[in-house]
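Since the structure comes first, as structure tokens, the remarks are kept for the end.
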Amino acid sequence: MTMKRFLPLFCFLAIGTALLSSAPQQEPAKKGGKKSDKSGPKKVELAHPFYWAAPDAFRGDWQGAGFVAQVIPTMDKVLSVQDSIPQQTDNGLYQANIFKQFDAANDKPVAVLHGELSGGAIAFSGDGWTGTIAEGHFKATGNGESFDLQHITRTPPTLGMKPPAGAIVLFDGTNMDAWAKMKEKDWLTEDGPSPWHLVPGGAMEVVPRSGGLISHKWFGDAKIHVEFRNLGGPANSGVYIQDRYEANINEMYGRLDGNPCAGFDNCTPAEAKPGIRCSRPPLDWQTMDIDFHAPRFDAAGNKNADARVTLLFNGTVLYNDRQLGPVTLNAARLGEAPTGPIQLQEHGMPVQFRNIWVLEGKK
């Protein structure tokens, strides 16, 4: 199918194709009528080393004529005596990855520079380049070229997008009533109310080691909008469509190794990885816009068409009508089905979510 079919307004208002629902799985009965916990977040000792991000005037995207850069702090990792949570120390060390453009597939940096903060400025060097960030400009020269970059914020085009008419709102910042705790050994079964916390700014925050969430409602064909932000690193969460197909959430800003964020790593072959690194910095809100077509089954329950997906991460197309399946890793035991809940994964690290809604396809 062509890109044109999926891209206008990210096709969130498009009419879905008909869903064949002959396979025998049904939505589970809801458990527990307890209202969502509206108390503030409670600090807990994390199951994995985690380093809380702090506001940083240098971290983030820089742009100018002919060049762009991603600047990240390279913090020391120490243990806070007060709350037993690993923290970042302000050692003033930074890394700058220099590119010709943002978000190019399988892109390699022109240069990787390292520097140290001193007197309100950072002096960088590396790969034949030298430069400085000072007074709002990142200036550098190397290999016969030069640049003058300024700090920018790249806001995803659908950030804060309101649910269209007919959409099912799964989270609007006021409560978590659309969600239940997921049973650890049986992902399709609810195990009480959401154990996560509501936090200021209309968001909910993963409580490490509390368990993942699944939506009460099950979905087939669907347009899904999710906003999230990482609070530090390493971060690990995910959006599981039908509790099976996972779009990964991890903290990859400025990383030149590892799998890029928002990849369907458990249900696509290695050669299908998009190789586009379009994450935003920690503490910045990010978006996933997903157009999902569920697998089809015949009257005997045999699958006769694979699931397919188009996914835009922060407005960049990572998958365009991509076939999904077979499902691997922890979700493999569920098999595939015409419908299923949406799962927000808890993987031992805090991540925040907001503005989650779904526009169902026609049945």
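Just remember that the numbering used here sits 3 ahead of the position in the sequence shown, which is counted from 1. No residue lacks a Cβ here, since even glycine has one placed at the ideal position from N, Cα and C. No experiment lies behind these values; they were computed from the predicted model shown.
Which value, in whole angstroms, describes the spacing of the CA atoms of Asp180 and Pro112? 45 Å
How is Leu337 classed by DSSP in three states: helix, strand or coil? Leu337: helix per DSSP, three-state reduction.
Work out the CA separation of Pro76 and Pro89 for me, nearest whole Å. Note that Pro89 scores 49 on pLDDT, short of 50, meaning its location in the model is unreliable; the coordinates nonetheless yield the value given after this. Cα-Cα distance, rounded: 16 Å.
Ala335 versus Ala250: straight-line alpha-carbon distance, rounded: 15 Å
List the residues that DSSP assigns as beta-bridge partners of Asn239. The partner list for Asn239 (beta bridge, DSSP) reads Asn253.
Distance, His350 Cα to Ile217 Cα: 14 Å
Count the other CB atoms within 10 Å of the CB of Ile293; is the residue buried (16 or more) or exposed (fewer)? buried
Taking the beta strand (DSSP E) that Asn233 belongs to, which residues open and close that run? Per DSSP, Asn233 belongs to the beta strand (DSSP E) from 225 to 233.
Are Phe127 and Leu120 touching if we call contact CB-CB under 7 Å? no
Could you check the C-alpha separation between Gln346 and Leu152 for me, to the nearest Å? Straight-line Cα distance between these residues: approximately 40 Å.
Tell me the DSSP bridge mates of Ile101? Ala72, Ala114
For Leu332, does the count of other Cβ atoms within 10 angstroms reach 16, so buried, or fall short, so exposed? exposed
Alpha-carbon to alpha-carbon, Asp110 and Glu274: 16 Å
When DSSP labels each residue in this structure, what does Leu332 get in the three-state scheme? Correct three-state label for Leu332: helix.
Quick check on the burial criterion: 16 or more other C-beta atoms within 10 angstroms. Buried or exposed for Glu193? buried
Which same chain residues, not among the five before or five after Ser197, have their C-beta less than 8 Å away from its C-beta? Ser39, Asp40, Met179, Trp182, Ala183, Lys184, Met207, Leu216
Paired residues, beta bridge with Leu315 - DSSP: Looking at the DSSP output, Leu315 sits in a beta bridge with Asp292, Val320.
Val361 versus Thr161 - alpha carbon distance: 14 Å
Within the same chain, show all residues whose beta-carbon is closer than 8 Å to that of Ser149, passing over the 5 residues directly before and after it, in chain order. Taken in chain order, the residues that qualify are Lys142, Ala143.
Outcome for Thr177 when other beta-carbon atoms lying within 10 angstroms are tallied against a minimum of 16: Flag for Thr177 reads exposed.
How is Ala308 classed by DSSP in three states: helix, strand or coil? strand
Return the residue from the list Thr158, Leu337, Tyr54, Ala72 that minimises the CA-CA distance to Phe367. Lying outside 4 to 366, the shown extent of the chain, residue 367 is not represented and no answer is given.
First and last residue of the beta strand (DSSP E) that includes Gly145? 140 to 145
Assigned exposure category for Glu187 - 16 Cβ within 10 Å defines buried: The residue in question, Glu187, is exposed, as its Cβ has fewer than 16 Cβ neighbours within 10 Å.
Under three-state DSSP, which class holds Gly122? In the structure shown, the three-state DSSP call for Gly122 is coil.
Under the three-state reduction of DSSP, which class applies to Ala275: helix, strand or coil? helix
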